[in-house]
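Novice:
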Amino acid sequence: MPLASIPLRIRVKHTSAKRSKDDPFHTFAGRSVYRGSTGCVAKTVDVEKIKEFPCDDDSCMLQSYKHSVFGFVDVHTNRHVLQDDTEARSAEVDFFFDSPENKMSVLTLKGHSVRVDSSNEESIILRCVTHDVGFLRKMARLAEKAQEAGEAIPRSVKDCSMTDYAIAVSHPHGSAKAISIGRLQQYRKAQECPGSLKKLLRQVTGKRLRVTTYDTPTCHGCTGAPVITGYDDGWGWWEMGHSTADLNSGINMAFTVQK
């Protein structure tokens with residue numbers, strides 16, 4: 001199923017020494033401590049500009065002889081998941097980890113670099129390298145089909161049965177893929193509160209943020225998971241990623257930049 005194939009598991013094995021003192025992962029700075037999260041394949045997988053270049057990964061399984069890689073798969077996740085290229089190169093991304101029984105079907109790519117998502121500064125893009133041109137083409141087809149599936153749902157169906165809910169597809173605690181459904185609490189109508197996390201993040205990005213809140217069950221490892229609602233700009237794997245939970249209420253939040 002294309003929709004279920006797009007979300008994936010990210011395993012970060014090293015925390016950069018450049019994490020600031022107010023960063024939630026600062027206590028791990030400079031250390032090799034496992035952190036798990038969720039990501040989502042980018043909307044567009046470039047199969048037109050595939051080119052061969054030398055593999056410089058010292059830990060690659062093919063390191064015993066000189067070989068090349070052929071392209072990249074870009075993955076969206078939350079900005080706080082990956083600080084820089086140092087963390088990116090320690091990351092491994094697991095595709096198709098859909099159930100504990102199908103571990104033999106999991107395909108793992110190594111991280112290469114990160115860049116800020118120009119369309120949403122609360123999102124980071126992790127670039128992964130692959131030796132398999134066929135895999136690039138497969139992910140391009142799955143991303144295209146996922147987009148088509150969302151667009152095929154009639155507006156009337158979204159309005160009457162989907163606008164009350166928020167659906168998250170994640171890898172909780174680094175486990176197999178799970179689908180969680182909860183109530184949409186507030187759709188991008190969070191009040192401006194002094195000292196709120198919303199205000200803090202807006203100052204960091206320099207842009208005004210919107211917040212979507214929901215009670216969909218989440219836990220460690222769910223950050224970066226795509227959050228789906230029935231609204232036009234809330235339907236699609238690339239619109240919102242689960243970010244955090246309010247420390248007082250426990251309500252989950254996803255941040256997007258107002259356009």
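Heads up: the sequence shown at position 10 corresponds to 10 in UniProt numbering, and the numbers run straight through without jumps.
Every residue, glycine too, gets a C-beta built ideally from N, C-alpha and C.
Have a look at 10, 54, 105 and 211 and flag the residue whose alpha-carbon is nearest the alpha-carbon of residue 255.
Specialist: 211
Novice: Whose C-beta lies closer than 7 Å to the C-beta of residue 225 among residues of the same chain, with five residues either side of it excluded?
Specialist: 7, 38, 168, 169, 170, 241 and 242
Novice: Buried or exposed: which applies to residue 71, given that a residue is buried once 16 or more other Cβ atoms fall within 10 Å of its Cβ?
Specialist: buried
Novice: Just verifying my parser: in three-state terms, what is the DSSP assignment at residue 91?
Specialist: coil
Novice: Answer yes or no: do residue 43 and residue 140 have a C-beta to C-beta separation smaller than 8 Å?
Specialist: no
Novice: Buried or exposed: residue 76, going by 16 or more other Cβ atoms within 10 Å of its Cβ?
Specialist: buried
Novice: Mark residue 228 as exposed unless 16 or more other C-beta atoms lie within 10 angstroms of its C-beta, in which case mark it buried.
Specialist: buried
Novice: For residue 18 and residue 82, what's the separation of their Cα atoms in angstroms?
Specialist: 11 Å
Novice: From the DSSP output, which residues share a beta bridge with residue 157?
Specialist: In DSSP, residue 157 forms no bridge with anything.
Novice: To the nearest angstrom, how far is the alpha carbon of residue 187 from that of residue 174?
Specialist: 28 Å
Novice: Alpha carbon to alpha carbon, how far is residue 55 from residue 161?
Specialist: In this structure, the alpha-carbon of residue 55 lies about 49 Å from that of residue 161.
Novice: Based on the DSSP output, what are the partners of residue 165 in its beta bridges?
Specialist: 183
Novice: Please report the straight-line C-alpha distance between residue 245 and residue 172, rounded to a whole angstrom.
Specialist: 15 Å
Novice: Check each candidate in 57, 28 and 88 and name the one with the smallest Cα separation from residue 10.
Specialist: 88
Novice: Please work out which residues of its chain come closer than 8 Å, Cβ to Cβ, to residue 132, disregarding the five sequence neighbours upstream and downstream, and give them in chain order.
Specialist: 70
Novice: Per DSSP, residue 178 forms a beta bridge with which residues?
Specialist: 170
Novice: By alpha-carbon positions, which one of 40, 176 and 248 ends up nearest to residue 146?
Specialist: By alpha-carbon distance to residue 146, the top candidate from 40, 176 and 248 is 40.
Novice: Quick one: is residue 95 buried, meaning 16 or more other Cβ sit within 10 Å of its Cβ, or exposed?
Specialist: buried
Novice: Residue 69 bridges to which residues according to DSSP?
Specialist: 53
Novice: Can you name, in chain order, every residue of its own chain whose Cβ lies under 8 Å from the Cβ of residue 62, other than the five neighbours on each side?
Specialist: 55 and 131
Novice: Please confirm whether residue 154 and residue 182 have their CB atoms less than 8 Å apart.
Specialist: no
Novice: Just the Cα atoms here: how many angstroms apart are residue 221 and residue 98?
Specialist: 15 Å
Novice: How would you label residue 58, buried or exposed, when you count the other beta carbons within 10 angstroms and need 16 or more for buried?
Specialist: exposed
Novice: Just to confirm the assignment, what range does the alpha helix (DSSP H) spanning residue 138 have?
Specialist: 133–152
Novice: Within 10 Å of its beta-carbon, does residue 266 have 16 or more other beta-carbons around it, so buried, or fewer, so exposed?
Specialist: The displayed coordinates of the chain run from 1 to 259. Any statement about residue 266 would go beyond what the structure contains.
Novice: If I follow the unbroken beta strand (DSSP E) through residue 123, where does it start and stop?
Specialist: For residue 123, the enclosing beta strand (DSSP E) stretches over residues 123–130.
Novice: Is the beta carbon of residue 184 less than 8 Å from the beta carbon of residue 164?
Specialist: yes
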